[in-house]
Structure formats: C-alpha cells, structure tokens
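One structure is given below, encoded as structure tokens.
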Amino acid sequence: MAQIDIDTSVEEASQAFLAAYAEHSCDHLVQARNAHLGKDAPLRTAQRQLGALAPEDRKQAGAQIQAGLAAITDAYSRVEALLDADDLAQRLSEEREDVTVPVVMNPVGALHPITALFHDMCDVFVAMGWEIAEGPEAEAEWLNFDALNFTPDHPARFMSDTLFLDPPEDHRILRTHTSPVQMRTLLTRDLPVYVVAPGKVYRADEMDATHLPVFHQIEGLAVDKGLGLADLKGTLDHLAKAMFGDEAVTRLRPHYFPFTEPSAEMDLKCFVCHGESVGNPARPCRTCRSEGWIEWGGCGVVNPRVLRAAGIDTDVYSGFAFGMGVDRTVMFRNNASDLRDFAEGDIRFSRQLVGEAR
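This is how it looks when you write it as structure tokens:
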C-alpha cells in the first residue's frame with residue numbers, strides 16, 4: 197500500500213470536514229465522519245485487508261494506516277470544536293438578557309398584616325431606646341395572675357375565661373395577656389426597665405366578627421425613678437401618632453385593672469366621623485357607634501403591689517404600663533370589620549391592608 201494513498205485519504209477527509217464547517221452544518225459533518233472514519237471508509241477497508249499482506253509488510257502498513265486514522269480523527273475533532281464554539285456564541289447572542297431593564301419583582305407571599313404591624317410598633321419603641329421582651333405562651337398561673345394582683349376569686353381565673361393546661365396541679369395556662377413577660381422582666385433585669393412585649397394571647401372566646409380565641413397584644417412597661425401618669429400619656433400619644441398619623445387624638449378614661457392604680461382606658465378620636473356623629477342621628481357612625489371615640493387599650497401607673505412582688509422598692513421606683521390589641525389596631529388602620537378575615541390566611545386580604553410588606 198503506497199504512502200500517497202494514505203496522505204490522499206487524510207487530505208480528502210480534512211477537506212470534507214472543512215466543507216461541512218463552511219456550511220455550518222452538523223449533519224454534513226456527521227456524514228463526512230461516517231465517510232472517512234466509518235466502517236466503510238477507505239482506511240478502515242485497508243485496515244481489514246492487512247491480514248493478506250506478508251508478515252514483514254503488515255507491521256509497517258498497519259502503522260501507516262493507524263497514523264492516517266489518527267490524523268483524520270484529529271481533523272474531525274478540530275472542526276467539531278469550531279462548530280460547537282460557533283453554536284455557543286450564537287446562543288449567547290440570541291439569549292442575551294438586558295439586566296438593566298426594570299422589572300417588577302412580585303412577591304411569592306406576603307407578611308400577615310398583624311406581623312407587619314408588630315414590626316412597625318416595635319420599631320417605634322426601639323427608636324425611643326426601649327427593648328423587646330418575649331416569654332412563653334404556656335405560662336405559670338402565678339405569673340399570669342397572682343404576681344399581677346389578681347385575687348383568687350377574680351373572674352379571669354375561671355375556666356370560662358381562661359384555658360388551663362393539664363394536669364391541673366401544674367397550675368399552667370395559656371397566657372391571657374403578655375403581662376407575664378413584664379413580670380419576668382422585673383424579676384430578671386436590673387432597673388431601670390423600658391420594655392415592650394408583643395405576642396399571642398389566648399381567651400376562652402367563641403370566634404365571631406369581634407372576638408378570636410387566639411389574638412395578639414403588645415404591652416409596654418417602664419419602671420424608673422419618678423415616672424408617672426404624664427409620662428404614660430406622652431408615650432401613648434407618640435405611639436398613636438406613629439400608627440394613625442399626626443392628626444390622631446387620644447384621651448384617658450378612668451377604669452380599673454388589678455395591676456395598675458390609677459388605671460385608664462385609652463380612647464382614640466374616631467377617625468371616620470371625627471366625633472361629628474355624636475348626638476346627630478342624621479349622620480350615624482358604625483365604627484364608633486356614634487360615640488365619637490374608639491377604645492384602643494388599657495393603661496395605668498403600675499400598682500405598688502406588683503412592684504413589691506418583684507422585690508422592687510416602691511419608695512424609690514415607680515412605673516407605668518399599657519397594652520392594646522394589635523388585631524384591633526390593624527382594624528382601626530384599615531376600617532376592617534370582621535376579625536375572622538385575619539385568620540383565613542388569604543394573601544389577597546393581607547395585601548389590601550396598611551403595613552403589608554410588598
């Protein structure tokens with residue numbers, strides 16, 4: 197077998213591969229590979245005929261054929277790599293994205309409006325230098341009632357109002373307010389204390405438009421030297437304006453709570469009728485029931501008995517406390533009428549309300 201035949205086969209194969217590249221055709225390249233490297237290719241046929249040669253010629257001819265096949269394979273690999281590189285460059289050009297084009301990133305979820313408002317209300321107090329305190333929802337009866345000056349026969353301690361946990365002798369309940377967190381704070385922290393306690397609370401209530409068995413409160417406690425009712429009023433006025441705008445008007449209405457003395461209910465001037473419905477049957481207001489004011493929460497100066505239960509010298513320290521329902525605050529801010537909507541988990545409801553993170 198002459199050397200020129202092998203060289204010619206290599207040259208013809210290289211030209212066929214280059215022709216396929218010029219046409220930018222993978223199909224033609226595959227056809228050329230089959231023609232020059234397949235089982236019917238000239239060098240493959242010559243390879244099968246090596247057995248007919250004399251032993252002294254077989255080794256040399258086999259080496260020449262193998263070298264030719266290697267050269268053809270190398271030529272094919274180079275052209276295949278060029279085609280792959282061109283294909284990649286074309287895809288990158290066609291699929292290029294302009295990352296500077298503005299897009300709307302729609303969230304896959306949403307914060308519940310109560311969670312969002314918790315964040316907002318806590319931010320107000322953190323900005324004033326207060327701390328956030330948390331505690332367990334399954335609470336000791338002593339911390340929930342006794343330490344807060346609830347007498348043993350107080351109605352709140354009846355099973356009709358409070359959810360008790362088994363076994364009864366453990367005296368554990370689902371907390372009815374976040375006030376136990378305040379007592380835990382007084383028992384574990386050095387004075388002065390300025391904390392807010394957000395969280396879930398539980399009552400033995402039927403679910404309806406204005407009541408839920410599980411709802412949310414945020415309570416605040418400040419204990420320091422010389423604190424009084426004026427400090428309480430200023431703090432709550434600041435919170436009201438942060439939640440409802442600078443036009444918010446508040447008032448303190450005398451009330452009774454076991455853990456504060458004096459005690460008060462904090463009312464907001466109705467943000468719907470602004471008091472114009474009072475005594476005016478022609479313009480009734482469903483939001484405030486034509487009373488002109490809406491109850492927001494309870495507050496007062498901390499009862500000295502509560503401070504003494506925590507081992508605090510009431511001749512030196514005094515304080516104030518307050519608490520309001522976060523669910524009700526969301527309702528006030530959005531004029532929502534049914535608390536059950538807050539428990540349904542419908543994201544469309546959440547996105548309608550003020551405070552939802554988008």
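Heads up: the sequence shown begins at 197 in the numbering used here, then just goes up one per residue.
Every residue gets a Cβ at the ideal spot worked out from N, C-alpha and C, and that includes glycine.
Which of helix, strand or coil DSSP assigns to residue i
| i | result |
| --- | --- |
| GLU207 | helix |
| THR446 | strand |
| ILE369 | strand |
| THR358 | coil |
| THR269 | helix |
| ILE508 | coil |
| VAL474 | coil |
| VAL526 | helix |
| ALA250 | coil |
| ASP386 | coil |
| GLU335 | strand |
| GLY422 | coil |
| HIS308 | coil |
| GLU290 | helix |
| THR483 | coil |
| GLN548 | coil |
| MET317 | helix |
| VAL300 | coil |
| ALA436 | helix |
| PRO364 | helix |
| ASN340 | helix |
| ASN230 | helix |
| PRO376 | helix |
| HIS558 | Since the first residue of the chain shown is 197 and the last is 554, residue 558 is not available in this structure. |
| ARG554 | Below a pLDDT of 50, predicted positions are generally treated as unreliable, and ARG554, at 38, falls in that range; the measurement from the model is reported next regardless. In the structure shown, ARG554 sits in coil (DSSP, three-state: anything other than H, G, I, E or B). |
| THR347 | coil |
| VAL275 | helix |
| GLY488 | coil |
| ASP404 | coil |
| VAL322 | helix |
Residue i versus residue j: straight-line alpha-carbon distance, rounded
| i | j | result |
| --- | --- | --- |
| VAL300 | ASP294 | 14 Å |
| ASP511 | THR483 | 44 Å |
| LEU202 | ALA231 | Reading off the sequence shown, one finds Ile at residue 202, where the question assumed Leu. The straight-line gap from Cα to Cα measures roughly 15 Å. |
| PRO458 | GLY494 | 11 Å |
| ARG399 | ASP427 | 30 Å |
| ALA267 | VAL206 | 7 Å |
| GLY395 | PHE516 | 19 Å |
| GLU402 | THR372 | 15 Å |
| TYR390 | PRO298 | 44 Å |
| GLU461 | ARG479 | 26 Å |
| LEU278 | GLU291 | 20 Å |
| ALA215 | SER221 | 9 Å |
| ALA257 | PRO251 | 10 Å |
| SER514 | VAL498 | 7 Å |
| ILE508 | THR374 | 20 Å |
| ASP253 | LEU225 | 34 Å |
| VAL468 | THR296 | 45 Å |
| LEU435 | HIS451 | 21 Å |
| ASP316 | ALA323 | 11 Å |
| SER546 | ALA532 | 11 Å |
| ALA327 | SER289 | Looking at the sequence itself, residue 327 is Glu, so the reference to Ala does not match. Their backbone Cα atoms lie some 55 Å apart in a straight line. |
| ASP349 | ASP342 | 11 Å |
| LEU549 | ASP283 | 51 Å |
| LYS235 | GLN227 | 13 Å |
| ALA248 | ALA285 | 49 Å |
| GLU219 | VAL275 | 12 Å |
| ARG554 | PHE314 | Reliability fails at ARG554, whose pLDDT of 38 lies under 50, so the model's placement of it is uncertain and the value that follows must be treated cautiously. Roughly 16 Å separates the two Cα atoms. |
Identified DSSP bridge partners for residue i
| i | result |
| --- | --- |
| THR540 | Here residue 540 turns out to be Glu, not Thr, going by the sequence shown. Per DSSP, none; premise fails for GLU540. |
| MET462 | LEU448, GLY493 |
| LEU417 | VAL391, ALA517 |
| ILE328 | VAL392 |
| PHE411 | VAL397 |
| VAL498 | THR456 |
Residue i vs residue j beta-carbon contact at 7 Å
| i | j | result |
| --- | --- | --- |
| GLY331 | ARG385 | no |
| ILE310 | GLU337 | no |
| VAL419 | LEU383 | no |
| GLN413 | GLY519 | yes |
| GLY264 | LEU239 | yes |
| ASP534 | PHE411 | no |
| PHE453 | GLY422 | no |
| ASN345 | ARG536 | no |
| TYR463 | ARG449 | Residue 463 is actually Asp in this sequence, not Tyr. Yes, the Cβ-Cβ distance between ASP463 and ARG449 is below 7 Å. |
| PRO376 | ASN340 | yes |
| GLN243 | ILE261 | yes |
| VAL392 | GLY416 | yes |
| GLY488 | GLY471 | yes |
| LYS429 | VAL445 | no |
beta-carbon residue i near the ligand SAH non-hydrogen atom, thresh 6 Å
| i | result |
| --- | --- |
| SER486 | Looking for the ligand SAH in the displayed structure turns up nothing, as the structure carries no ligands at all. |
Original post:
How about the stretch 522 to 537 and the stretch 433 to 440: do they share at least three Cβ pairs that are nearer than 8 Å?
Top reply: Three or more beta-carbon pairs drawn from the stretch 522 to 537 and the stretch 433 to 440 are found closer than 8 Å, and the two stretches are therefore classed as touching.
Original post:
Does the stretch 208 to 221 come close enough to the stretch 270 to 289 that 3 or more CB-CB pairs lie under 8 Å?
Top reply: Yes, the stretch 270 to 289 is in contact with the stretch 208 to 221.
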